[in-house]
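*Asks:* Residues in the sequence shown are numbered from 84 upward in steps of one, following our numbering. Heads up, the beta-carbon is just placed ideally off N, CA and C, and yes, glycines get one too.
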Amino acid sequence: MSIRAIVEQCEDIYNDLDFGYVRDWKQRHGAKAMGFMPVYVPREVIHAAGMLPVGIMGGGDAMEIIRGDAYFQSYICHLPRSTVELGLAGKLACLDGMLFPAICDVIRNLSGMWQIMFPDRYVRYMDFPQSWVGPGRDFYRAELQELQHDLQQLSGVEVTPERLNRSIVLYNENRRALAELYDLRAEEPHRVPTSELYLLLRAGNVLEVTEHTAMLRAYLDAARQADRPLRDNVRVVVSGLFCEQPPLSMVRAMEGSGCYIVDDDWVLGARYQLGETPQSDDPLGALVEAYMKDTVQTSTRYVDDGHNGDFLVEQARRRNAEGVIFAAASFCDPALLDRPMGQRALTEAGIPFTAFTYSENTGQIQVIKEQAGTFADSIKLWGTV
Ligand code: SF4
84 MSIRAIVEQC
94 EDIYNDLDFG
104 YVRDWKQRHG
114 AKAMGFMPVY
124 VPREVIHAAG
134 MLPVGIMGGG
144 DAMEIIRGDA
154 YFQSYICHLP
164 RSTVELGLAG
174 KLACLDGMLF
184 PAICDVIRNL
194 SGMWQIMFPD
204 RYVRYMDFPQ
214 SWVGPGRDFY
224 RAELQELQHD
234 LQQLSGVEVT
244 PERLNRSIVL
254 YNENRRALAE
264 LYDLRAEEPH
274 RVPTSELYLL
284 LRAGNVLEVT
294 EHTAMLRAYL
304 DAARQADRPL
314 RDNVRVVVSG
324 LFCEQPPLSM
334 VRAMEGSGCY
344 IVDDDWVLGA
354 RYQLGETPQS
364 DDPLGALVEA
374 YMKDTVQTST
384 RYVDDGHNGD
394 FLVEQARRRN
404 AEGVIFAAAS
414 FCDPALLDRP
424 MGQRALTEAG
434 IPFTAFTYSE
444 NTGQIQVIKE
454 QAGTFADSIK
464 LWGTV
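1. Return the chain-ordered list of same chain residues with a C-beta closer than 6 Å to the C-beta of Phe102, the five sequence neighbours on each side being excluded.
2. Is Gln236 helix, strand or coil by DSSP?
3. State the DSSP-derived secondary structure class of Gly433, mapped to helix, strand or coil.
4. Along the beta strand (DSSP E) that carries Val319, what are the first and last residues, could you check?
5. Compute every distance between the C-beta of Pro416 and the non-hydrogen atoms of the ligand SF4, then say whether any falls below 6 Å.
6. Check whether the segment 301-308 and the segment 374-385 are in contact - that is, three or more C-beta pairs closer than 8 Å.
7. Touch check for the segment 255-275 and the segment 350-358: three-plus C-beta pairs under 8 Å?
8. Would you report the Cα separation of Arg401 and Asp421, rounded to the nearest angstrom?
9. To the nearest angstrom, report how far apart Gln213 and Asp348 are at their CA atoms.
10. So if DSSP puts Pro136 in a beta bridge, which residue, or which two residues, is it bridged to?
11. Let me know the secondary structure DSSP gives Leu299 once reduced to three states.
12. Kindly indicate which residue of Tyr265, His295, Glu327 and Phe409 has the alpha-carbon position closest to the one of Thr445.
13. Helix, strand or coil: how does DSSP classify Arg207 here?
14. Can you pull the DSSP bridge partners for Met181?
15. What span of residues does the alpha helix (DSSP H) with Asp95 cover, start to end?
16. Does DSSP put Asp377 in a helix, in a strand, or in coil?
17. Give me the Cα-Cα distance between Ala145 and Cys415, rounded to the nearest whole angstrom.
18. Tell me whether Gln356 sits in a helix, a strand or coil according to DSSP, three-state version.
19. Is Cys93 a contact residue of the ligand SF4, with contact defined as CB to any heavy atom under 6 Å?
20. Once you ignore the five residues that flank Ala369 on each side, which residues in its own chain have a CB closer than 8 Å to its CB?
21. Considering only residues of the same chain and omitting the five flanking positions on each side of Ile148, which have a CB-CB separation below 7 Å?
22. Within its chain, find whatever has a CB closer than 6 Å to the CB of Leu247; leave out the 5 residues flanking it on each side and keep chain order.
23. Could you pull the start and end residues of the beta strand (DSSP E) that Phe102 belongs to?
24. Closer than 7 Å, CB to CB, is Cys326 near chain D or not?
25. State the CB to CB distance for the pair Gly143 and Pro330, rounded to an integer number of angstroms; the pair is presumed to be in contact (CB under 8 Å).
26. Using only the alpha-carbon positions, how far apart do Ala301 and Asp315 sit?
27. Can you say whether Arg427 is buried or exposed, counting buried as having 16 or more other CB atoms within 10 angstroms of its CB?
28. Sorry if obvious, but does the Cβ on Ile148 come closer than 6 Å to a heavy atom of the ligand SF4?
29. If you reduce the DSSP assignment to three classes, tell me which class Val189 lands in.
30. I need the DSSP call for Ile448, collapsed to helix, strand or coil.
31. Check whether the Cβ of Val167 sits closer than 6 Å to any heavy atom of the ligand SF4, and report yes or no.
32. Could you tell me if Lys376 is buried or exposed, where buried requires 16 or more neighbouring beta carbons within 10 angstroms of its beta carbon?
33. Pair every Cβ in the segment 284-291 with every Cβ in the segment 390-398, then say whether three or more of these pairs are closer than 8 Å.
34. According to DSSP, is Asp393 helix, strand or coil?
35. For Ile462, does the three-state DSSP call read helix, strand or coil?
36. Compute the distance between the beta-carbons of Leu230 and Leu264, then report whether it is under 7 Å.
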């Protein structure tokens, strides 16, 4: 399959706010689908219950907000408004339930609204531990057990250790393919334009995991052979986009401004876990351990005092990045409250950075392109900003 055909397929999925793939999948399999909000949920458990996990990241810049604004005050991010709009427009009717992982007050409130708006649908607010020693582990295990119980009831499929182990294997394979994709982009960024990588990630929100892994493998094969020009771009990491997503035009503009993005944190749930989850007699316990010990550092997880920003510095060094662009959704408390700590860590490490905010429907693309371009030029000219 050609790169072009793969990217077109991804873009169709990205643009389809009616979730045609999900409807079709349900019909083909006679099974249910479970939506989830960013950043992370253990998709293995949903999959093992015979359901299709579907990542919902708002309506992007294509969704006209008519009723969603009425549900929220003006000084919060955009994602919940467009998600409410999607729900009220019936576009999420194909989802048999929604999971709202605990990442901020906005998502917590949205989960309450969802219960009121859609009383006949399954809604679960999923809490995650913020303590990495002591009772955090037991707490998370109890959360997963409840989730597993609920999903079994909903789907009628028992989540046996065999089924869960099988799902763990499939998601390990998917993470491995994604890691290869990220490594290839970091090593030879001209082979993997970020706009393509981004669309591949977004497709993974919707596609059944084996289909997505096959798609990633096909893209990797084609990208390794593609003859694409190498540009004199500056290598940057972008950080802060783990929840509300930028419009695709902004991703393209950043790339077109003279930056090679060599690492990022968008669609982070798919790469939240760094390593593989082992198969075991206690696969739920293995998922708990993986969450507790082996995940990225991001704003929605507690980081011990004095270490916030270490992961970002290490990420920039590992990817041989020359700078960092902080890009956060407007009014995103987790990203914006963490930003000073990240900036301090980068300053101490001598890594230049710049920062801006966006929203999923931002139209200020030219301003962002100019800022990213100026940042890239200053690094090229002076090695700093
Ligand atoms: S963009 Fe930020 S503030 Fe908005 S829902 Fe996501 S984490 Fe919360």
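*Replies:* Checking against the coordinates, here is how it stands:
1. Cβ contact annotation for Phe102 (same chain, cutoff 6 Å, sequence separation greater than five): Cys177, in chain order.
2. Helix at Gln236.
3. coil
4. Val317 to Ser322
5. Correcting the residue identity first, residue 416 is Asp in this sequence and not Pro. Yes, the Cβ of Asp416 comes within 6 Å of a heavy atom of the ligand SF4.
6. no
7. As far as the Cβ criterion goes, the segment 255-275 touches the segment 350-358, which means the pair count is three or higher.
8. 21 Å
9. 20 Å
10. Met117
11. helix
12. Glu327
13. strand
14. Assignment of beta-bridge partners to Met181 by DSSP yields Gly118 and Val206.
15. For Asp95, the enclosing alpha helix (DSSP H) stretches over residues Ile86 to Asn98.
16. coil
17. 21 Å
18. strand
19. no
20. Ile251, Thr360, Pro361, Gln362 and Ser363
21. Arg164, Ser165 and Glu168
22. Ala131 and Pro366
23. Counting along the chain, Phe102 sits inside no beta strand (DSSP E), nor does DSSP assign it H or E at all.
24. Within the model displayed, chain D is absent; a lone protein chain is all it includes.
25. 6 Å
26. Looking at the two C-alpha atoms, the distance is approximately 28 Å.
27. exposed
28. no
29. helix
30. helix
31. no
32. exposed
33. no
34. Look at Asp393 here: in three-state DSSP terms it is helix.
35. helix
36. no
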